[in-house]
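Residue numbers (the working numbering): 26 to 581. Beta carbons: idealized from backbone N, C-alpha and C, even for Gly. Below you'll find the structure, written out as structure tokens, and then a few comments.
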């Protein structure tokens, strides 16, 4: 090819490599962590997020904040994924996981500046994470599935610092009752079987648990009963209508009598369907599809309360709750297919009519009605309840908890520093950096509570050195106290998952030494480096990606 240059990338592409790429990605990751850091702990602050249409979200829930923020930088999005994974796996601890990931990156940058290779850092971090999980499991406290008191403490701890804190005792009791109601035979808890209905109006203390299902529908005919006691319930995923033919057909009517005969036949078919339901003994019918007007008339005549176009999830919840089988062919329905509910009634909640299915013998699906003074309050209470349900479910499944207040992190840091002495080579520095990064949790708890972080860390380490492994920081008094005695406990899985997710994300970002931004990436490419946040810009990203971090900064 002689001396002609070989062009690999297009002119519109931009490339950052080596330490510049690593620094850029670390800056993006730590920026995300800093955005949510002030929300951590019982005295964490809230964030107000406003979108382009003016919708407002006020929350201190880590994953909600990150979901609402306009983040475009790819490395920053990797940190957001940490929060999403934590939310999916446990339901709580999202801020902890993100702050931990950010601090791991920050400590790694110091070692990269000392010419420690990223691969050595990655290996050391992975070793430290494995040891960390082992230390956490050794310090876990066993909890029995019937230990309602401890489960309520777990639920209350998850709500502390959130909008529901003022009513956490009442709500914690509801959460534990709900979770214990839907435990499967193998000990697992599917929180999808706990429905949450929000009502604007009334105090949060007035929230209640319905041992059954609330269906956001009304009876289909005014002449149907409002309430049915000791109801036999039929669930249909087929319509109570005359079935249409699968082929395109045409009926030519030449005589009025023929038309009447045709209509009578349709009416007879509908009457037969309703008669089948009556013969089976159904008092209440929930239909996933439509109910013909004539069928509604016959159902009302028979004193049957019917609901049409119920959601599939509602039908499945009713099946679990009442024990009814879901029927696809009305001709096949029998008495054994029906479920039972002590009460099915149409009631008013804050101006909306809904069907309450209650007093079931063995409620395997329940509904929580959450109340609050305003829509923002109710939404934040709902987020707190979802986190609380997640941690109670994790505790029921695993049977292990850890003390809160920074106690497990302090014990982890001490254990990892001891372990670092047995690690050979430069990986030892990475393990020590990991231990230093873990300290960010108790340090942040102290900062957010307005306490001196250095004094708090020294007090915590002193207690743990003396063998008091359950000692944590009381954010309200500033004292180091026994968290287990104070009832501040959280599931083991919250901490192990946070360590695992944070480590994987940090390692993935550290191993990237080349960033190539194509010309058509979101954010646009132009000639003005200042506008675009070029390699030296505030976002530290090439081209369009710098604009993404700039957008995020605006949200913060």
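State the Cα-Cα distance for the pair residue i and residue j, rounded to the nearest angstrom.
i: residue 338; j: residue 240; result: 10 Å
i: residue 262; j: residue 526; result: 41 Å
i: residue 444; j: residue 456; result: 8 Å
i: residue 361; j: residue 95; result: 53 Å
i: residue 529; j: residue 191; result: 36 Å
i: residue 532; j: residue 88; result: 21 Å
i: residue 357; j: residue 302; result: 10 Å
i: residue 373; j: residue 380; result: 9 Å
i: residue 116; j: residue 52; result: 27 Å
i: residue 185; j: residue 387; result: 31 Å
i: residue 152; j: residue 477; result: 32 Å
i: residue 389; j: residue 127; result: 41 Å
i: residue 267; j: residue 315; result: 11 Å
i: residue 44; j: residue 119; result: 29 Å
i: residue 46; j: residue 90; result: 26 Å
i: residue 129; j: residue 58; result: 11 Å
i: residue 259; j: residue 353; result: 11 Å
i: residue 277; j: residue 242; result: 39 Å
i: residue 162; j: residue 427; result: 9 Å
i: residue 536; j: residue 194; result: 46 Å
i: residue 447; j: residue 490; result: 19 Å
i: residue 500; j: residue 423; result: 28 Å
i: residue 175; j: residue 505; result: 21 Å
i: residue 169; j: residue 189; result: 26 Å
i: residue 336; j: residue 290; result: 31 Å
i: residue 159; j: residue 442; result: 14 Å
i: residue 154; j: residue 136; result: 18 Å
i: residue 125; j: residue 65; result: 11 Å
Could you confirm whether any beta carbon from chain C is found closer than 8 Å to the beta carbon of residue i?
i: residue 187; result: Among the chains in the structure shown there is no chain C, since it carries only a single protein chain.
Residue i and residue j: beta carbons closer than 8 Å?
i: residue 107; j: residue 123; result: yes
i: residue 121; j: residue 523; result: yes
i: residue 405; j: residue 68; result: no
i: residue 368; j: residue 238; result: no
i: residue 201; j: residue 177; result: yes
i: residue 325; j: residue 251; result: no
i: residue 204; j: residue 421; result: yes
i: residue 466; j: residue 100; result: no
i: residue 431; j: residue 395; result: no
i: residue 355; j: residue 344; result: no
i: residue 73; j: residue 81; result: yes
i: residue 482; j: residue 464; result: yes
i: residue 167; j: residue 425; result: yes
i: residue 452; j: residue 148; result: yes
i: residue 408; j: residue 86; result: yes
i: residue 363; j: residue 349; result: yes
i: residue 391; j: residue 49; result: no
i: residue 131; j: residue 55; result: yes
Measure from the alpha carbon of residue i to the alpha carbon of each residue in the options, then state which is nearest.
i: residue 383; options: 161, 510, 342, 352; result: 342
i: residue 264; options: 306, 245, 333; result: 333
i: residue 429; options: 513, 407, 390; result: 513
i: residue 385; options: 215, 255, 398; result: 255
i: residue 156; options: 350, 503, 459, 480; result: 459
i: residue 397; options: 211, 149, 224, 194; result: 224
i: residue 249; options: 172, 291, 331, 304; result: 331
i: residue 488; options: 466, 433, 452, 449; result: 433
i: residue 146; options: 479, 63, 454, 465; result: 454
i: residue 112; options: 506, 416, 503, 466; result: 416
i: residue 365; options: 86, 377, 137, 306; result: 306
i: residue 165; options: 509, 536, 540; result: 509
i: residue 208; options: 233, 411, 171; result: 171
i: residue 114; options: 214, 163, 136; result: 214
i: residue 234; options: 109, 410, 442; result: 410
i: residue 418; options: 179, 253, 246, 538; result: 179
i: residue 61; options: 104, 502, 76; result: 104
i: residue 412; options: 448, 56, 327, 182; result: 182
i: residue 378; options: 537, 291, 244, 136; result: 244
i: residue 253; options: 328, 480, 414; result: 328
i: residue 199; options: 502, 414, 158; result: 414
i: residue 173; options: 206, 154, 150; result: 206
Could you say if the region 482 to 499 and the region 518 to 525 meet the contact criterion of at least three C-beta pairs nearer than 8 Å? no
Three or more C-beta pairs closer than 8 Å, one from the region 216 to 229 and one from the region 424 to 438: is that the case here? no
Can you confirm whether the region 202 to 220 touches the region 302 to 311 when touching is taken to mean that 3 or more C-beta pairs between the two stretches lie within less than 8 Å? no
Does the region 134 to 147 come close enough to the region 462 to 475 to have 3 or more Cβ pairs within less than 8 Å? no
Could you say if the region 293 to 305 and the region 318 to 336 meet the contact criterion of at least three C-beta pairs nearer than 8 Å? yes
Where are the alpha helix (DSSP H) runs, 4 residues long or more, that stay fully inside the region 84 to 124, in chain order? 87 to 93, 99 to 114
Start-end ranges of the beta strand (DSSP E) lying completely within the region 395 to 470, minimum 3 residues: 425 to 428
Length-filtered (3 minimum) beta strand (DSSP E) runs lying within the region 201 to 242: 219 to 225, 233 to 235, 238 to 240
If we require 3 or more residues per run, which beta strand (DSSP E) segments fall completely within the region 269 to 349? 309 to 312, 330 to 332
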